[in-house]
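Working notes for the structure below.
Number of protein chains: 2
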Amino acid sequence: MAVGQNEFPTMPPIPGIKLGTTNAGIKQTVRDDLLLIAMAEKATCAAVFTKNAFCAAPVLVAKEHLKNKPRWLLINSGNANAGTGLQGYEDAKATCHQVAAEADGKANQVLPFSTGVIGQRLPVDKVKAGVPGAFSKLNEDNWDKAARAIMTTDTFPKGVTQTIMLDGHAVTINGISKGAGMIQPDMATMLAFLATDAKIAQPLLQSCLAKAVEQSFNRITVDGDTSTNDACVLMASGLSLAPEITENSSQYQQFADTVLSVCKQLAELIVRDGEGATKLMRIVVEQAQSDEEAVRVGKTIAHSPLVKTAFFASDPNWGRILAAVGRAGVAYMVLTDVQIYLDDVCIVRSGGVANDYTEAAGQRVMDQEEITVTIKLGRGQAYQEVLTCDFSYDYVKINAEYRT
Amino acid sequence: MAVGQNEFPTMPPIPGIKLGTTNAGIKQTVRDDLLLIAMAEKATCAAVFTKNAFCAAPVLVAKEHLKNKPRWLLINSGNANAGTGLQGYEDAKATCHQVAAEADGKANQVLPFSTGVIGQRLPVDKVKAGVPGAFSKLNEDNWDKAARAIMTTDTFPKGVTQTIMLDGHAVTINGISKGAGMIQPDMATMLAFLATDAKIAQPLLQSCLAKAVEQSFNRITVDGDTSTNDACVLMASGLSLAPEITENSSQYQQFADTVLSVCKQLAELIVRDGEGATKLMRIVVEQAQSDEEAVRVGKTIAHSPLVKTAFFASDPNWGRILAAVGRAGVAYMVLTDVQIYLDDVCIVRSGGVANDYTEAAGQRVMDQEEITVTIKLGRGQAYQEVLTCDFSYDYVKINAEYRT
Chain A
1 MAVGQNEFPT MPPIPGIKLG TTNAGIKQTV RDDLLLIAMA EKATCAAVFT
51 KNAFCAAPVL VAKEHLKNKP RWLLINSGNA NAGTGLQGYE DAKATCHQVA
101 AEADGKANQV LPFSTGVIGQ RLPVDKVKAG VPGAFSKLNE DNWDKAARAI
151 MTTDTFPKGV TQTIMLDGHA VTINGISKGA GMIQPDMATM LAFLATDAKI
201 AQPLLQSCLA KAVEQSFNRI TVDGDTSTND ACVLMASGLS LAPEITENSS
251 QYQQFADTVL SVCKQLAELI VRDGEGATKL MRIVVEQAQS DEEAVRVGKT
301 IAHSPLVKTA FFASDPNWGR ILAAVGRAGV AYMVLTDVQI YLDDVCIVRS
351 GGVANDYTEA AGQRVMDQEE ITVTIKLGRG QAYQEVLTCD FSYDYVKINA
401 EYRT
Chain B
1001 MAVGQNEFPT MPPIPGIKLG TTNAGIKQTV RDDLLLIAMA EKATCAAVFT
1051 KNAFCAAPVL VAKEHLKNKP RWLLINSGNA NAGTGLQGYE DAKATCHQVA
1101 AEADGKANQV LPFSTGVIGQ RLPVDKVKAG VPGAFSKLNE DNWDKAARAI
1151 MTTDTFPKGV TQTIMLDGHA VTINGISKGA GMIQPDMATM LAFLATDAKI
1201 AQPLLQSCLA KAVEQSFNRI TVDGDTSTND ACVLMASGLS LAPEITENSS
1251 QYQQFADTVL SVCKQLAELI VRDGEGATKL MRIVVEQAQS DEEAVRVGKT
1301 IAHSPLVKTA FFASDPNWGR ILAAVGRAGV AYMVLTDVQI YLDDVCIVRS
1351 GGVANDYTEA AGQRVMDQEE ITVTIKLGRG QAYQEVLTCD FSYDYVKINA
1401 EYRT
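Chains as they are written, first to last, in the working numbering: chain A, 1 to 404; chain B, 1001 to 1404.
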């Protein structure tokens, strides 16, 4: 029940980034559910986290530890360690200590991540017991296994890789992600882990990641819910032969563009695997007065249950789209300046149905699995995109029947 | 498919307010679809309208005409005259002229209202042809027929009446409303018409209505969508024997409380008839720092598809409620101060599941048709309520299959 073919790519190793997975028995399946990532000593690491005020225990710990030059990431699926109070915080810390003991390192250099059921205590003994096994599997070639180990209700593993040439030397960026609802049916979260062999200082890496996330993961929505555990990490081992990437250089711009591209692709894969999704909708808002205004209009459309159910029904229902634009909270919007397109078919012009629009033309677009909805506001030059999926019976089914 | 028994009450006449309905053939059913309301000469009239930037043509005209001491309201169901551009505006004006001609009055004293399909031209000839018939039926006893004439996909007519004693004289407030989604599946709108025999100046009546709407109709949500045609009107004929209601009097407070009460009941009836609704959810937010903050938290919960599908499944899923509170955008919220109750069962305390909570107790509440969810934020004294309904297969069915 995902949109499109989504084959896992062949992902090259990133020198200095090793991954190890094991089945720690957290999920009661035969699948690996614990992932350890170890970075080379001089690697830098950036991360951004959920804006949800009630972030989960591992997010709190990871935020604290991020400033200590992290060396290890420990990710478990099956339990989110969210809504678990002080106990959850202590449990997350205990898993960091286990990694440190095994690695002969410091616990405050370990970033913990959890995804899975909310509100149940993390089976901390199982996680700790799994750590040595994950260590023993550490290898630079394990991206595929890593992508599978972090899955919860995802229907396919998600990976993206891109290689660019900087000053004649190859630099690779790998990324994996998981998540099939902004919040899963209690499966707290979207997680994404990227790694590169580029050499780049932490502050620059952090600002590069923050900008990329804003334009990618923060531009997708399945149901408008923001998880308690969302996190995206970018590690840079510095082992490429390319020279260090510095601010305001053309190399930085090329690197940042590639990070953004990888993030966008990973984000799109999450929407393609959206709960119950049958269609991928790309909402493009043009001619806005500002980026913020464009995003606001795009997200209002993307969150509208009426728009999403219409797309599920392949119904070119422009009235619902127009009404959503109108209630987006943009001041002094002029109805007659607004145009709406389904792919290249103009459906609304001057505030009403376009003269040359035909139901047949609209229906032809709506019958596709991937549709671009373009809104031209006629107010300015700003342009932004939001990605979402439709709202189907299966969305209700998945979310209503999850606990039963 | 509505929540609860919702019988239409016996509604007494309001002296000076006459209602007439007819079948103008707009809806192609045998039901009346045109309602005319005539006010006594000295009546005052207040109205509030949708905040959607793209309001429908009749809303534009009604806003213009409101300042001219309106005498007549003309309401049609079956066609919303929305997304119809300049033509729609001229059509709405034309219907006002028809009423004026029949009444020997002024067109700019007629307020037009439309509800029904978006984006199709109003069948203006049918509406005009129906006007004489509606005039011939004008009668103070027609509240029941009026409530039925404004229905679109509503499954029951909605009416509320309350009588209070002011200075020893009876004052009655009647109200009718329609709407089964914030926006119907293209059935633009929530409409509500209230009338009283109280004597009260227009500016005071307007501020009384605006406050009441803010606390009632603006506190309900079915799907978060705001229609292009929403309107609420309060007419005061001034024919009660009670003295004029003036500002800052105890009589005003009593009157305003009753207007609010009638509005709240009418709003609740709309939620009970929400598309696909199987449960009525009363979201009570307590201990907020401000009313605005309380409403923001309440609406975030009420709009969450994850919360709504959990209620459809009778699943006491506190993790989803807590996550919605966390992403409501309230600064410096402290997780451990938050408590959540299902009716009188405490389910969350100190950021996690309450020690004394049992699944059996939670399940008992969730199996009810009406549930109060109370969120105590532990931040202040403010308190607000939001009403909503659950999200069922039928919501998707109704909205996905409407045009097919």
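No residue lacks a Cβ here, since even glycine has one placed at the ideal position from N, Cα and C.
Residue i versus chain A: which residues are under 9 Å apart at the beta carbon?
| i | result |
| --- | --- |
| N1079 (chain B) | Those within 9 Å of N1079 (chain B) in chain A number zero; the least Cβ separation is about 12 Å. |
For residue i, which residues does DSSP report across the bridge?
| i | result |
| --- | --- |
| L74 (chain A) | A:L36, A:P112 |
| I1164 (chain B) | B:V1171 |
| R349 (chain A) | A:G352 |
| F49 (chain A) | A:A231 |
| G1159 (chain B) | B:I1176 |
| T1152 (chain B) | T1152 (chain B) is not bridged to any residue. |
| F1193 (chain B) | B:I1176, B:V1233 |
| A288 (chain A) | A:A382 |
| I1118 (chain B) | Answer is none; I1118 (chain B) lacks a bridge partner. |
| V1373 (chain B) | B:I1283, B:L1342 |
| K18 (chain A) | A:A38 |
| T95 (chain A) | T95 (chain A) pairs with nothing; no bridge assigned. |
| N79 (chain A) | A:T115, A:V117 |
| C1389 (chain B) | B:L1280 |
From residue i to residue j, what distance separates their C-alpha atoms?
| i | j | result |
| --- | --- | --- |
| M1187 (chain B) | T246 (chain A) | The predicted position of M1187 (chain B) is uncertain, since its pLDDT is 48 and thus under 50; no value can be drawn from it. |
| A361 (chain A) | R1148 (chain B) | 38 Å |
| A134 (chain A) | T172 (chain A) | 24 Å |
| G1078 (chain B) | K1128 (chain B) | 15 Å |
| G1004 (chain B) | Q1368 (chain B) | 11 Å |
| D91 (chain A) | V124 (chain A) | 6 Å |
| N1023 (chain B) | L1035 (chain B) | 9 Å |
| C1096 (chain B) | I1075 (chain B) | 11 Å |
| A400 (chain A) | V222 (chain A) | 16 Å |
| Q384 (chain A) | A1288 (chain B) | 35 Å |
| A294 (chain A) | T21 (chain A) | 41 Å |
Going along the chain, which residues of its own chain have a beta-carbon closer than 7 Å to the beta-carbon of residue i, five neighbours each way excluded?
| i | result |
| --- | --- |
| K1069 (chain B) | Q1109 |
| G351 (chain A) | L335, T336, V338 |
| T372 (chain A) | R282, V284, D343 |
| F1008 (chain B) | D1144, A1147, P1157, G1159 |
| L1260 (chain B) | A1212, Q1215, S1216 |
Give me, in chain order, the residues of the same chain whose beta-carbon lies closer than 8 Å to that of residue i; leave out the 5 immediate sequence neighbours on both sides.
| i | result |
| --- | --- |
| T1228 (chain B) | T1050, N1052, F1054, C1055, A1056, V1059, A1080, A1082, G1083, I1118, I1183, A1188, T1189 |
| V1030 (chain B) | N1023 |
| A1043 (chain B) | G1016, I1017, R1071, M1235, A1236, S1237, G1238 |
| N355 (chain A) | R349 |
Given a threshold of 16 other Cβ atoms within 10 Å of its Cβ, counted over all protein chains shown, does residue i qualify as buried or as exposed?
| i | result |
| --- | --- |
| C121 (chain A) | It is worth fixing the name first, because residue 121 (chain A) is Arg in this sequence and not Cys. Counting Cβ neighbours within 10 Å, R121 (chain A) comes out exposed, since fewer than 16 surround it. |
| Y1357 (chain B) | buried |
| N1317 (chain B) | buried |
| E275 (chain A) | buried |
| G1326 (chain B) | buried |
| L1086 (chain B) | exposed |
| S1207 (chain B) | exposed |
| S417 (chain A) | In this structure chain A extends from 1 to 404, so residue 417 (chain A) is not present and cannot be described. |
| D33 (chain A) | buried |
| A38 (chain A) | buried |
At a CB-CB cut-off below 7 Å, which residues of chain A make contact with residue i?
| i | result |
| --- | --- |
| N1052 (chain B) | A323, G326, R327 |
| K1070 (chain B) | Checking the sequence shown, residue 1070 (chain B) turns out to be Pro, not Lys. Within 7 Å Cβ-Cβ: nothing; P1070 (chain B) doesn't reach chain A, min ~25 Å. |
| G1118 (chain B) | The identity of residue 1118 (chain B) in the sequence shown is Ile, whereas the question assumes Gly. Per Cβ cutoff of 7 Å: G319. |
| T1084 (chain B) | G352 |
At a CB-CB cut-off below 9 Å, which residues of chain B make contact with residue i?
| i | result |
| --- | --- |
| Y393 (chain A) | Y1393, V1396, K1397, A1400 |
| M333 (chain A) | A1053, F1054 |
| T336 (chain A) | G1085, L1086 |
Give me the chain B residues within the contact set of residue i, using Cβ-Cβ distance strictly less than 8 Å, ordered along the chain.
| i | result |
| --- | --- |
| I75 (chain A) | In chain order: nothing, as chain B lies at least about 20 Å away. |
| F312 (chain A) | V1396, A1400 |
Run down chain B in chain order and give the residues with a C-beta less than 7 Å from the C-beta of residue i.
| i | result |
| --- | --- |
| G298 (chain A) | In chain order: nothing, as chain B lies at least about 16 Å away. |
| T278 (chain A) | Result: empty, since nearest Cβ-Cβ is about 11 Å, beyond 7 Å. |
| T309 (chain A) | V1396, N1399, A1400 |
Report the neighbours of residue i on chain A: residues whose CB is nearer than 8 Å to its CB, in chain order.
| i | result |
| --- | --- |
| L1034 (chain B) | Under the 8 Å cutoff, chain A gives no residues; its nearest Cβ is about 22 Å from L1034 (chain B). |
| V1330 (chain B) | A53 |
Can you find the residues in the same chain that come closer than 6 Å, C-beta to C-beta, to residue i, ignoring five residues on each side of it along the sequence?
| i | result |
| --- | --- |
| A242 (chain A) | L166, D167, H169, V171 |
| D390 (chain A) | T278, K279, K308, F311, F312 |
| K1106 (chain B) | A1100 |
| S1392 (chain B) | G1276, T1278, F1312 |
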